[in-house]
Amino acid sequence: MIKYDYRGVDSNIIGSEHGLNVQEEFNNYRDKISQIITDLYQHKDTPGQWLQWMNLAYTEETVWYVKEYASMVEGRFDNILVLGIGGSALGGLAMTEALLKPYWNFLTEEQRENYPRIFFLDNIDPDSVRGLLDVLDLKKTLVNVITKSGSTVETMAQYMIVKDLLEKELGDDYRKNIVATTDKQTGILRQLADQEGYKTFVIPDDVGGRFSVFTAVGLLPLALVGIDIDEVISGLKDIDAELQNTDINSNIAAQNALIHYLSDTQKGKKISVMMPYSSRLCYIPDWYIHLWAESLGKCVDNDGNLIHSGQTPLKAIGATDQYSQMQLYNEGPNDKIINFIRVEEFDNNLEIPKIFEYTGIGYLGGKTVNNLLDAEADSTRVTLSDNSRPTVLFTLPKIDGYHLAQLLYVLEMQTAIAGALYNINTFNQEGVEQAKNYTYALMGRSGYEESASEIQEKLGVNV
Ligand code: PA5
């Protein structure tokens, strides 16, 4: 199982000005946390609570359909192109980057065991969209367009461009190259997919984008490139069993939620850094940033009080960012809590050759890069502690679907518990909707005419 260590935040280690008396706080919040977890599980099937993500370990039917489709299209495509943004892209991106062999898209077909390359288009930069479409042979590309709402402008604009090109190249057959993942009933993509006759997968009701990685949103891209999604689901089930424990002393998601909440509200740690010591985990912080920021950054609490809650999540990669951000973390404002992620066993044990023995780098010979990475993570954590900077540590026994699913689910559960501690609505995102609506208005969507003139006026004044 995934492991978690909070000693780096304890006041015995980093002092009481910045650290927490963790055991005392666990005792203080024991009942409250127990109530929060009980409430979450009690309400998980209540419509409108957006808690259906808590059931995703048990959706055998979806897993079966995803696997069946993946095996049906196996060998037919050279590329998978995922169109989506936010929760409709980040989970799949983070998991495929972690679980596929590094530099997957550069490997030969044989090295990829005939599974396709995979590309995530989650932006609308005209040069990169054009650039990717120029290098992909669309005839041999399966396009997975993903949007829960079915109307997100970036995704729909990409889809319109790609669909047009596909149809020009393949005629009526283009439909076989598109698979849509969207709501079962509502939204423009659902309507189009039904009209045009695409294969579709459903994003269940009451699962928000940032909690959707274990629906077909994440599972389909994984299965299409040959990743064992049964292993992912098995990790999910095992961690769900642990996280149902209402005792904070045995629930790592509750522990990290409380530690973050108190570090923010009592110790001024306004920033939460996610720092994996692994390049394969390089998009996990991006996924976490979306989850933590959009869930907890709220203007008012559930009682209508103005609170402007939320820590700012940040990304760092070890060891790389020791050489860019660590100076600030150690000596700058003490306003961060740093989540380390360590990997116990890498796929490779990479030895440093015993050369240059009589020089200043001779001591490295015979050691492994694995030893070096471990030493760097340890020394960075101890230095941060020396400087009274709070840290927590997640350890993955190895990078595989089983353990990665556990990490992501712990972070999801931790977010839900933290939201309850802040007493906010964790699952809405009104601050995003406003800009989305303004964009619709500026792009001439009907029904938004009034906002269009309002925003034109504001732009005119501001410029
Ligand atoms: O977490 C969320 O719900 C959002 O950030 C969505 O993921 C994002 O807006 C994309 O939405 P959609 O899947 O509807 O295109």
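The working numbering numbers the first residue of the sequence shown as 930 and each following residue consecutively. We treat Cβ as the ideally placed atom computed from N, Cα and C, and that holds for glycine.
Next item on the list: In the DSSP assignment, find the beta strand (DSSP E) that holds arginine 1271 and state where it starts and stops.
Entry: 1265-1274
Margin query: the ligand PA5 and arginine 1139: does the residue's C-beta get closer than 7 Å to at least one heavy atom of that ligand?
Written below: yes
Margin query: Quick check on DSSP: helix, strand or coil for glutamate 1160?
Written below: helix
Notebook entry, point to check: Roughly how many angstroms separate the alpha carbons of alanine 1222 and serine 1382, rounded to a whole number?
Noted result: 30 Å
Item checked: Backbone CA spacing between lysine 1283 and leucine 1094 [nearest angstrom] -> 55 Å
Notebook entry, point to check: If you pair each beta-carbon of the stretch 965-974 with each one of the stretch 1114-1131, do three or more pairs fall below 8 Å?
Noted result: no
Note to self: I'd like the span of the beta strand (DSSP E) that includes lysine 1097, first residue to last.
What the structure shows: Premise fails: lysine 1097 lies in the alpha helix (DSSP H), 1082-1099, not in any beta strand (DSSP E).
Notebook entry, point to check: Taking the alpha-carbon positions, what's the glycine 1021 to methionine 930 distance?
Noted result: 22 Å
Note to self: I want to check one thing, is the minimum distance from the CB of glutamate 1341 to the heavy atoms of the ligand PA5 below 7 Å?
What the structure shows: no
Next item on the list: Please state if the CB of aspartate 1134 and the CB of glycine 1330 are separated by a distance shorter than 8 Å.
Entry: no
Notebook entry, point to check: Among the residues of its own chain, which have a CB less than 8 Å from the CB of leucine 1225, if the five just before and after it don't count?
Noted result: Ser1238, Gly1239, Gln1240, Thr1344, Ala1347, Gly1348, Tyr1351, Ile1353 and Thr1355
Note to self: Suppose you measure from the CA of lysine 1265 to the CA of arginine 936; what does that come to, to the nearest Å?
What the structure shows: 16 Å
Item checked: Local conformation of phenylalanine 1049 per DSSP, three classes -> strand
Note to self: For the stretch 1157-1167 against the stretch 1102-1113, do three or more pairs of beta-carbon atoms, one drawn from each stretch, fall closer than 8 Å, so that the two count as touching?
What the structure shows: no
Item checked: the ligand PA5 heavy atom lying under 7 Å from the CB of glycine 1295 -> no
Item checked: Outcome for glycine 1373 when other beta-carbon atoms lying within 10 angstroms are tallied against a minimum of 16 -> exposed
Note to self: Going by beta-carbon coordinates alone, are aspartate 1112 and glycine 1079 separated by less than 8 Å?
What the structure shows: yes
Next item on the list: Can you give me the Cβ contacts of glycine 948 inside the same chain, cut-off strictly under 8 Å, excluding the 5 residues immediately before and after it?
Entry: Val938, Asp939, Ser940, Asn941, Ile942, Lys1196, Ser1317 and Pro1319
Next item on the list: With DSSP as the reference, label asparagine 1259 as helix, strand or coil.
Entry: helix
Check: How about isoleucine 1177 and arginine 1005: are their beta carbons less than 8 Å apart?
Finding: no
Notebook entry, point to check: Under a three-way DSSP split, which group does isoleucine 1200 fall into?
Noted result: strand
Margin query: Between lysine 1227 and the ligand PA5, is there a pair consisting of the residue's CB and a ligand heavy atom that are separated by less than 7 Å?
Written below: no
Item checked: Buried versus exposed, by CB contacts within 10 Å (16 or more), tyrosine 1394 -> Given that the chain is displayed from residue 930 to residue 1392, the structure contains no residue 1394 and the question cannot be resolved.
Note to self: Between Asn1277, Ser1314 and Ala1370, which has its C-alpha nearest proline 1031's C-alpha?
What the structure shows: Asn1277
Next item on the list: Would you identify the three-state DSSP class for threonine 1368, choosing helix, strand or coil?
Entry: helix
Check: For the alpha helix (DSSP H) that alanine 1245 lies in, which residues bound it at each end?
Finding: Element bounds for alanine 1245: n/a, residue is neither H nor E.
Next item on the list: State the Cα-Cα distance for the pair valine 1074 and asparagine 957, rounded to the nearest angstrom.
Entry: 47 Å
Next item on the list: Tell whether a beta-carbon distance below 8 Å holds between arginine 1139 and leucine 1220.
Entry: yes
Next item on the list: Starting from the Cα of leucine 1012, find the closest Cα among Gln1087, Leu985, Asn950 and His972 and give me that residue.
Entry: Gln1087
Margin query: Between the alpha carbons of glycine 944 and asparagine 1263, how many angstroms are there, rounded?
Written below: 13 Å
Notebook entry, point to check: When every heavy atom of the ligand PA5 is checked, does at least one fall within less than 7 Å of the C-beta of glutamine 1114?
Noted result: no
Notebook entry, point to check: Which value, in whole angstroms, describes the spacing of the CA atoms of tyrosine 1338 and aspartate 1169?
Noted result: 8 Å
Notebook entry, point to check: Applying the criterion that 16 or more other CB atoms from any shown protein chain within 10 Å of the CB defines a buried residue, is phenylalanine 1285 buried or exposed?
Noted result: exposed
Next item on the list: Alpha carbon to alpha carbon, how far is methionine 1085 from asparagine 950? Give it in angstroms, no decimals.
Entry: 50 Å
Next item on the list: Have a look at glutamate 1096 and glycine 1233 and give me their C-alpha separation to the nearest angstrom.
Entry: 50 Å
Check: Assuming valine 1202 and tyrosine 933 make a contact with CB atoms under 8 Å, what is their CB distance in whole Å?
Finding: Incorrect: roughly 16 Å between the Cβ atoms, too far for contact.
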